[in-house]
Amino acid sequence: MAEVKEVKLYGAWGSGYCALVHHALKLKGVSYEYIEEDLQNKSEIFIKLNPVHKKVPVLVVDGKPIAESLVILEFIEETWKEPPLLPEDPYKKAKVRFFADFIYQKIMPTSHAIILSDGEAQMKATKEFIGGIQKDLPSNGPFINGEKPGLLDVIVGAFSAAFRVVEDLVGVEVMDKESESFFQGSRGDQGHGYSL
Numbered sequence: 002m003a004e005v006k007e008v009k010l011y012g013a014w015g016s017g018y019c020a021l022v023h024h025a026l027k028l029k030g031v032s033y034e035y036i037e038e039d040l041q042n043k044s045e046i047f048i049k050l051n052p053v054h055k056k057v058p059v060l061v062v063d064g065k066p067i068a069e070s071l072v073i074l075e076f077i078e079e080t081w082k083e084p085p086l087l088p089e090d091p092y093k094k095a096k097v098r099f100f101a102d103f104i105y106q107k108i109m110p111t112s113h114a115i116i117l118s119d120g121e122a123q124m125k126a127t128k129e130f131i132g133g134i135q136k137d138l139p140s141n142g143p144f145i146n147g148e149k150p151g152l153l154d155v156i157v158g159a160f161s162a163a164f165r166v167v168e169d170l171v172g173v174e175v176m177d178k179e180s181e182s183f184f185q186g187s188r189g190d191q192g193h194g195y196s197l
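Here this note's numbering = 1-based position in the sequence shown + 1.
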């Protein structure tokens, strides 16, 4: 791809999907302008950028919008090669993509079920959530997929706030202390509350 001149990220504070795009851009060393979108009163510009779903995040590169967080992550990986988010080996790459989809399809919906339920249903969802995080995700080093942060670290790290909400809500520790390093982060970078 030709040299990129302008990168903008339309997002909303508190969205894990926006946070993961932020983490990927930061890890790649890409400078960009962050634009906070009011989801209750979406701007005309934003609706033109994502007329189909009208959801954040939207990454705009040299005036061309890319929507949907996993699609945006693929675009980032293909546009800015270093450092890589995916392993070179096709089999390992497929495994990482499988677990990225697993997080989206199983773990995140379970976290929403915890927040929206109570009693026995909430405890059942909590057990599924913790099992998915602690048992199903691979761990091959200081980061989820080895010695350097990659795609799974970007995704899981972006949703670490959801883990804290679950912990506060049900009083159960989601991450054991050995795994906690995957999800460390602090608020305040770039003015929208995410850092890696």
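All C-beta atoms, glycine included, are put in the ideal place defined by N, C-alpha and C.
Pull up the CB-CB distance for residue i and residue j, whole angstroms please, since I reckon it's below 8 Å.
i     : j     : result
Glu45 : Tyr11 : Glu45 to Tyr11, Cβ: 12 Å. No contact.
Leu86 : Ala20 : In fact, because the Cβ distance is near 15 Å, the residues do not count as touching under 8 Å.
Val22 : Ser70 : 6 Å
Given a cut-off of 8 Å on the beta-carbon distance, is the pair residue i and residue j in contact?
i      : j      : result
Ile156 : Ile104 : yes
Ala101 : Leu152 : yes
Ser16  : Val57  : yes
Pro84  : Lys27  : no
Ile36  : Lys9   : yes
Thr111 : Glu129 : yes
Ala13  : Leu50  : no
Ile108 : Lys29  : no
Put residue i into one of helix, strand or coil per three-state DSSP.
i      : result
Val155 : helix
Glu34  : strand
Gly189 : For Gly189, the predicted model reports a pLDDT of 32, less than 50, meaning its position is unreliable; a value from the coordinates is still stated below. Reduced to three states, the DSSP call for Gly189 is coil.
Arg98  : helix
Lys27  : helix
Gly17  : helix
Leu50  : helix
Val5   : coil
Gln123 : helix
Leu117 : helix
Glu83  : coil
Pro91  : helix
Lys149 : coil
Gln41  : coil
Gly194 : The pLDDT assigned to Gly194 is 34, lower than 50, so where the model puts this residue is not dependable, and the model offers no usable value.
Which partner residues of residue i appear in the DSSP bridge assignment?
i     : result
Ala68 : Val59
Leu10 : Tyr35, Leu60
When you compare each of the options to residue i by their alpha carbons, which one comes out closest?
i      : options                     : result
Leu74  : Val59, Asp90, His54, Thr111 : Val59
Tyr18  : Val53, Val72, Pro66         : Val72
His54  : Lys43, Met124, Val97        : Lys43
Gly64  : Trp81, Glu34, Tyr92         : Glu34
Asp154 : Trp81, Gln106, Arg98        : Arg98
Distance cutoff 8 Å, beta carbons only. Does residue i sit that close to anything in chain B?
i      : result
Val157 : The chain inventory of the structure shown lacks chain B, comprising one protein chain alone.
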